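Participant:
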Amino acid sequence: MLKGVLLVNLGTPAAPTPEAVRAYLAEFLGDPRVVEIPRLLWLPILHGIVLRTRPAKSAAKYAQIWTDEGSPLMVHTRRQAELLRAVLPQVQVEFAMRYGAPSISSGLEKLAGCDDILVVPMYPQFARSTTESIRDVLPKGTRMLEDFHDHPAYISALAALVRGDWSAHGRPDVLVMSFHGLPQRSIERGDPYFHQCMRTADLLSQALGLEQKRFGVGFQSRFGPAQWIRPYTSDILARLGAERTRKVDVLCPGFVADCLETLEEIAIEGREIFQHAGGGDYRALPCLNEHPAWIGALAKIVLENPASAPT
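Sequential numbering of the sequence shown, starting at 10, is according to this note's numbering.
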């Protein structure tokens with residue numbers, strides 16, 4: 010039996026230009042899973058305001074992180090698929106993006122000859138706005154991984170990443186773990202995302218032997234006027250800066266590949282917030298990317314296939 014695996018991440022514009030960003034945002038923000046506002050209210054706002062004002066600003070941010078190979082998220086996800094393919098030669102591994110290219114449908118087409126296909130959302134923590142959005146576009150009966158927020162191999166890979174960085178650059182006074190935010194109403198409706206993030210942070214802090222005062226957990230990337238889950242990463246960084254904290258590291262455990270949210274929002278904006286408030290040294294740790302421990306962990310997760318369910 011030939012097994013196929015499709016790694017799926019969020020997506021990225023095709024280029025750091027207003028036109029490409031506009032096309033990407035139209036698809037991304039047009040997904041009712043992402044913005045849970047009635048379509049009759051949201052679509053006029055999206056097309057009449059957001060897609061007229063936001064693309065140029067976002068394109069300028071993408072331009073700061075774009076590489077010769079393209080979007081960092083695309084580059085890292087492609088490499089992850091290639092490395093996983095090398096570790097699991099008996100498995101056909103492809104990758105796709107939920108929004109933009111390569112599409113999920115094109116990835117599934119490449120796996121058409123496989124007897125068993127597993128779709129792996131590259132989101133460690135489950136959220137309806139991300140994980141379920143992938144399920145929405147899968148053919149009926151396709152198996153999909155739900156989450157791996159507490160998988161021992163994932164936690165061990167994060168710990169190995171952090172320890173390696175500390176070995177090279179020294180330990181900080183405080184490690185901030187920053188996860189992508191989610192509207193508070195999503196949690197109130199039963200989404201397990203917040204609790205899974207906190208579980209990941211708790212397991213990682215234990216693996217690193219951190220005292221409670223040596224780490225914090227925050228949420229970033231909020232969008233729109235609604236209340237989002239707290240505490241906000243930006244508020245934590247401002248407070249640590251005001252307390253004249255000498256050295257802060259920020260890790261984004263919920264992002265398995267570096268992207269705009271980590272390379273610009275955390276690495277650039279986060280540093281400005283912390284140091285403007287009076288803080289000292291600031292380091293944004295890399296995501297798991299192609300770390301050997303992560304590729305090994307991903308292989309274990311795929312082979313064990315925990316918590317998968319047919320769509």
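Cβ atoms here follow ideal geometry from the backbone N, Cα and C, with glycine treated the same way.
Remember, predicted model here, so these are calculated numbers, not experimental data.
R292 lies in the beta strand (DSSP E); which residues open and close that run?
Facilitator: Run containing R292: D290 to A293, per the beta strand (DSSP E) assignment.
Participant: CA-CA distance, P25 and H56?
Facilitator: C-alpha separation (whole angstroms): 20 Å.
Participant: Keeping to the same chain, check which residues put their C-beta closer than 8 Å to that of Y33; ignore five residues upstream and five downstream.
Facilitator: G20, T21, P22, A23, Y108 and G109.
Participant: Please state the DSSP three-state secondary structure of D145.
Facilitator: Helix at D145.
Participant: Quick one: Cα of A162 to Cα of F224, how far?
Facilitator: Each residue's Cα considered, the two are about 21 Å apart.
Participant: Tell me whether V265 sits in a helix, a strand or coil according to DSSP, three-state version.
Facilitator: In this structure, V265 counts as coil in the three-state DSSP scheme.
Participant: Please report how far the alpha carbon of A247 lies from the alpha carbon of V257, in whole angstroms.
Facilitator: Between A247 and V257, the C-alpha separation is close to 11 Å.
Participant: Would H158 pass as a contact of T209 if the rule is Cβ separation under 8 Å?
Facilitator: Contact: yes.
Participant: Using a Cβ-Cβ cutoff of less than 7 Å, which residues in the same chain neighbour E313 once the five nearest sequence positions on both sides are dropped?
Facilitator: Cβ neighbours of E313 beyond the five flanking positions: none.
Participant: Tell me, please, whether the segment 86-100 touches the segment 277-292 by the rule of three or more beta-carbon pairs shorter than 8 Å.
Facilitator: Touching, no.
Participant: Excluding five sequence neighbours on each side, which residues of the same chain lie with their C-beta closer than 6 Å to the C-beta of V226?
Facilitator: Taken in chain order, the residues that qualify are M186 and A210.
Participant: Tell me the rounded alpha-carbon separation between R48 and L38.
Facilitator: Answer to the nearest angstrom: the Cα atoms are 11 Å apart.
Participant: State the start and end residues of the unbroken beta strand (DSSP E) segment that holds V226.
Facilitator: Start and end: F224 to Q229.
Participant: The beta strand (DSSP E) that contains P130, what's its start and end?
Facilitator: First-last of the beta strand (DSSP E) with P130: D125 to P130.
Participant: For a test of the three-state rule: what should DSSP assign to M10, helix, strand or coil?
Facilitator: If DSSP states are grouped into helix, strand and coil, M10 belongs with coil.
Participant: Using a 10 Å radius around the Cβ and a threshold of 16 neighbouring Cβ atoms, would you call R255 buried or exposed?
Facilitator: That one is exposed.
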